[in-house]
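Participant:
Residue numbers (the numbering used here), protein chains in the order written: chain A, 1 to 104; chain B, 105 to 576.
(1) Note down, in chain order, all residues in the segment 174 to 189 of chain B with a beta-carbon under 8 Å from any beta-carbon belonging to chain A.
(2) Could I get the ranges of all uninterrupted alpha helix (DSSP H) runs contained in the segment 145 to 221 of chain B, with 4 residues as the minimum, in chain order?
(3) Name the chain B residues that come within less than 7 Å of residue 92 (chain A), Cβ to Cβ?
(4) By the three-class DSSP mapping on this structure, what secondary structure does residue 304 (chain B) have?
(5) Are residue 60 (chain A) and residue 224 (chain B) close, meaning C-beta to C-beta below 8 Å?
(6) Mind pulling the chain A residues with CB within less than 8 Å of residue 286 (chain B)?
(7) Evaluate residue 3 (chain A) with the Cβ neighbour count: other Cβ atoms within 10 Å of its Cβ, from every protein chain shown; 16 or more gives buried, anything less gives exposed.
(8) Sort out for me which residues DSSP pairs residue 339 (chain B) with in a bridge.
(9) Determine the closest residue to residue 70 (chain A) out of A:20, A:54, A:83 and A:22, with distance taken between C-alpha atoms.
(10) Buried or exposed for residue 202 (chain B), going by 16 or more other Cβ atoms inside 10 Å?
(11) Can you name the residues that DSSP bridges to residue 248 (chain B)?
(12) For residue 5 (chain A), does the count of other Cβ atoms within 10 angstroms reach 16, so buried, or fall short, so exposed?
(13) Excluding sequence positions up to five away, which residues of its chain have a Cβ less than 8 Å from the Cβ of residue 482 (chain B)?
(14) Verify the CB distance criterion: does residue 72 (chain A) have a CB-CB separation below 8 Å to chain B?
(15) Name the chain B residues whose beta carbon is nearer than 8 Å to that of residue 89 (chain A)?
(16) Are the C-beta atoms of residue 9 (chain A) and some chain B residue less than 8 Å apart?
(17) Any Cβ of chain B within less than 8 Å of the Cβ of residue 80 (chain A)?
(18) Is the beta carbon of residue 407 (chain B) sitting closer than 8 Å to the one on residue 137 (chain B)?
(19) Are any of the Cβ atoms in chain A nearer than 8 Å to that of residue 488 (chain B)?
(20) Between residue 281 (chain B) and residue 255 (chain B), is the Cβ-Cβ spacing less than 8 Å?
(21) Taking the alpha helix (DSSP H) that residue 355 (chain B) belongs to, which residues open and close that run?
(22) Starting from residue 279 (chain B) and walking both ways along the alpha helix (DSSP H), at which residues does that stretch end?
(23) Find out if the Cβ-Cβ distance for the pair residue 400 (chain B), residue 239 (chain B) is shorter than 8 Å.
(24) What residues in the segment 60 to 71 of chain A bring their beta carbon closer than 8 Å to a beta carbon of chain B?
(25) Figure out for me which residue from B:378, B:141 and B:367 has the closest Cα to the Cα of residue 395 (chain B).
(26) Are the CB atoms of residue 412 (chain B) and residue 284 (chain B) within a distance shorter than 8 Å?
(27) Does the CB of residue 85 (chain A) have a neighbour CB from chain B at under 8 Å?
(28) Along the segment 266 to 284 of chain B, where does the CB come closer than 9 Å to a CB of chain A? Name the residues.
(29) Compare the C-beta of residue 2 (chain A) with all C-beta atoms of chain B and state if any pair is closer than 8 Å.
(30) Report buried or exposed for residue 109 (chain B), applying the criterion of at least 16 other Cβ atoms within 10 angstroms of its Cβ.
(31) Can you find the residues in the same chain that come closer than 7 Å, C-beta to C-beta, to residue 436 (chain B), ignoring five residues on each side of it along the sequence?
(32) Grab me the residues of residue 338 (chain B)'s own chain with a C-beta within less than 6 Å of its C-beta, minus the 5 sequence neighbours each way, in chain order.
(33) Output the boundary residues of the alpha helix (DSSP H) element that contains residue 315 (chain B).
(34) Taking just the CA atoms, how far does residue 271 (chain B) sit from residue 263 (chain B)?
(35) By the DSSP assignment, the beta strand (DSSP E) with residue 13 (chain A) in it spans what residues?
(36) I'd like to check one pair, residue 218 (chain B) with residue 246 (chain B): are the Cβ atoms closer than 8 Å?
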């Protein structure tokens, strides 16, 4: 589904400052790239597809423009991959507290 | 009305925008030179501790429980010299409405904004403070915008910050997410100007007065339960507000002999404004990248005069490594049954080491915890670190190199704080004060002020001035 309709909850994108417009004090690697921005809102255009310049109304009611990059934007953060390096900690602590080596 | 919205033009309007957005005329407290009337500012602009208690109480903030960490204490004693190993306690600030002590910090700001008739509040923060402001705004019926530094130029976001965005949005706030760079401040100014909302800065007297209740509560709770004030309170230190507010609260409660120790995660060598290094760190706050610059020059914040001035209150300042904080976070869950966020456990890692220096009958208090969840948890944070090329190994934390590896301590005996020489920071502070006021003649008043700011005598200040070749 790449088409959003009026009222749909979407994520928009903008470039705030281009590489040339960046502040003098930023480190070189940062100066090489633009300052970019993401925000979310309800689509005000009748219809739009991913990549279109659109206008949205943010949750608190501001109207802003930008490139539509996602429809019904998701939170994708999670608990990550299992980190086996952590596995020893609990057993180690319990064995120290119990006053000896684990004797299994 | 077509205003010039260029980077330079907006920055040039900074003072005008800020004056409207915080409603404080900082000029009132200024003198010609370096000095300004800190206590006067705190008194005039802030609220009394009783007023703050009342404000915070209305939204369920504060009176958080204190836990004695008996197993971690027992563990510390296994590695401590005979007779050493203080009792370790933690103040469970995750019990606040927004999941961290930052609720205290937001309360007075949002309350004040409402009282002054502002329609909304804005805060520039990637951390728990955003969630706190959003939560308070929801309770008081104000609109809220949070501006975050969240992604690198490959659009990879720190899991902890992405989670914070989710939490802010859960409270009905608008979250503006940016890539790395100090020009976040530009976007922040543009938004303040456009909306006319209140700048819920972390660094106004409101923000710091809000934290005073934390120190005050600790003093009262220990007096009641243990019959004495704590011997040591350890506070995680970033911008300095947590430590400043807590220390002021302790003093207001009469706990003037309690030692206040700051603790930060050592991220030395990483540049905070670097796009490439942004995702090489596993801590987005509570680290030396904020701790050192803000201690040595507090007025770099988003208000003309910061109310957070940690060198006035710090008895010692120590660092711990990322690996040590991750280890102690796992330990807190595994042997104390408390699953809390890693960033809040920075001072716990420090306390575990510091307890081993103190006699058994002493009390050491870790003054905060924070909530944990997807993204904001050792598992995803370490997983993310590995994705960004960081080696995760088990060994001696002394071998850590921030941005290259994370060393989980082989066993608890490897958790050892590193001392930061406070006098060196105090010297830097004086140097910065001079550099930022190069056009003024140093007066007796300035010397007195610098002595207060660094908690040293005037002789110390004069010796640094001599060393720097500054006339007074």
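Note that beta-carbon positions come from the ideal geometry of N, C-alpha and C, so glycine has one too.
Facilitator: In short, the structure shows the following:
(1) 175, 178, 179 and 182
(2) 153 to 162, 174 to 183 and 206 to 219
(3) Within the first chain, residue 92 (chain A) is the residue found at index 92, counting from 1. Correct list: 515.
(4) Locating residue 304 (chain B) in the second chain gives position 200, where the first residue counts as 1. Coil.
(5) Locating residue 60 (chain A) in the first chain gives position 60, counting from the first residue. Locating residue 224 (chain B) in the second chain gives position 120, counting from the first residue. Yes, Cβ-Cβ distance for residue 60 (chain A) and residue 224 (chain B) is below 8 Å.
(6) For the purposes of this step, residue 286 (chain B) is taken as the residue at position 182 of the second chain. Near residue 286 (chain B) (Cβ distances below 8 Å), the residues of chain A are 23, 25 and 26.
(7) Along the first chain, one-based indexing puts residue 3 (chain A) at 3. Result: exposed.
(8) Taking the first residue of the second chain as 1, we reach residue 339 (chain B) at position 235. Residue 339 (chain B) pairs with B:366.
(9) As a working mapping, residue 70 (chain A) is identified with position 70 in the first chain. Of the candidates A:20, A:54, A:83 and A:22, the one whose C-alpha sits nearest the C-alpha of residue 70 (chain A) is A:54.
(10) For the purposes of this step, residue 202 (chain B) is taken as residue 98 along the second chain, with counting starting at 1. Counting Cβ neighbours within 10 Å, residue 202 (chain B) comes out buried, since at least 16 surround it.
(11) Within the second chain, numbered from 1, the residue matching residue 248 (chain B) stands at position 144. Its beta-bridge partners are B:225.
(12) Residue 5 (chain A) sits at position 5 when you count from the first residue of the first chain. With fewer than 16 other Cβ atoms within 10 Å, it is exposed.
(13) Counting from one through the second chain, the residue named residue 482 (chain B) turns up at place 378. Excluding sequence neighbours, residue 482 (chain B) sits near 430, 433, 434 and 446.
(14) Position 72 of the first chain holds residue 72 (chain A). No, no contact with chain B.
(15) For the purposes of this step, residue 89 (chain A) is taken as the residue at position 89 of the first chain. In chain order: 431, 434, 435, 438 and 512.
(16) Within the first chain, residue 9 (chain A) is the residue found at index 9, counting from 1. Not one chain B Cβ lies under 8 Å of residue 9 (chain A).
(17) Residue numbering aside, residue 80 (chain A) sits at position 80 when the first chain is read from its first letter. Chain B, which has a Cβ nearer than 8 Å to the Cβ of residue 80 (chain A), makes this yes.
(18) Working through the second chain from its first residue, we reach residue 407 (chain B) at position 303. Working through the second chain from its first residue, we reach residue 137 (chain B) at position 33. At a Cβ-Cβ threshold of 8 Å, residue 407 (chain B) and residue 137 (chain B) do not count as neighbours.
(19) As a working note, residue 488 (chain B) is residue 384 in the second chain. With 8 Å as the cut-off, residue 488 (chain B) counts as an interface residue toward chain A.
(20) Working through the second chain from its first residue, we reach residue 281 (chain B) at position 177. Working through the second chain from its first residue, we reach residue 255 (chain B) at position 151. Yes, they are a contact pair.
(21) In the second chain, residue 355 (chain B) corresponds to position 251, counting from 1. Start and end: 345 to 356.
(22) Translated into positions along the second chain, residue 279 (chain B) becomes position 175. Per DSSP, residue 279 (chain B) belongs to no alpha helix (DSSP H); it is in the beta strand (DSSP E), 278 to 283.
(23) Start at 1 with the first residue of the second chain, and residue 400 (chain B) comes out as number 296. Start at 1 with the first residue of the second chain, and residue 239 (chain B) comes out as number 135. No, the Cβ-Cβ distance between residue 400 (chain B) and residue 239 (chain B) is not below 8 Å.
(24) 60, 61 and 62
(25) Locating residue 395 (chain B) in the second chain gives position 291, counting from the first residue. The option with the nearest alpha carbon to residue 395 (chain B) is B:367.
(26) One-based indexing of the second chain puts residue 284 (chain B) at position 180. One-based indexing of the second chain puts residue 412 (chain B) at position 308. Not in contact: residue 284 (chain B) and residue 412 (chain B) (Cβ atoms no closer than 8 Å).
(27) If you number the first chain from 1, residue 85 (chain A) lands on position 85. Taking Cβ atoms only, chain B reaches closer than 8 Å to residue 85 (chain A), which makes this a yes.
(28) Of all residues in the segment 266 to 284 of chain B, only 266, 267, 269, 270, 273, 276, 277, 278, 279, 280, 281, 282, 283 and 284 place a beta-carbon less than 9 Å from a beta-carbon of chain A.
(29) Start at 1 with the first residue of the first chain, and residue 2 (chain A) comes out as number 2. It does not: the Cβ of residue 2 (chain A) has no partner Cβ on chain B nearer than 8 Å.
(30) As a first step, residue 109 (chain B) must be located in the second chain, where it is residue number 5. Per the 10 Å Cβ criterion, exposed.
(31) By one-based count along the second chain, residue 436 (chain B) stands at place 332. Once the five neighbours on either side are set aside, the close Cβ partners of residue 436 (chain B) are 442, 444, 449 and 452.
(32) Stepping through the second chain from its first residue, residue 338 (chain B) is reached at position 234. Cβ within range, chain order: 365, 367, 451, 454, 455 and 470.
(33) Here the question's residue 315 (chain B) lines up with position 211 in the second chain. Run containing residue 315 (chain B): 309 to 330, per the alpha helix (DSSP H) assignment.
(34) By one-based count along the second chain, residue 263 (chain B) stands at place 159. By one-based count along the second chain, residue 271 (chain B) stands at place 167. Spanning the two alpha carbons is a distance of roughly 12 Å.
(35) Position 13 of the first chain, counted from the start, is the residue given in the question as residue 13 (chain A). In this chain, the beta strand (DSSP E) harbouring residue 13 (chain A) covers 9 to 17.
(36) In the second chain, residue 246 (chain B) corresponds to position 142, counting from 1. In the second chain, residue 218 (chain B) corresponds to position 114, counting from 1. Pairing residue 246 (chain B) with residue 218 (chain B) gives a Cβ-Cβ distance under 8 Å.
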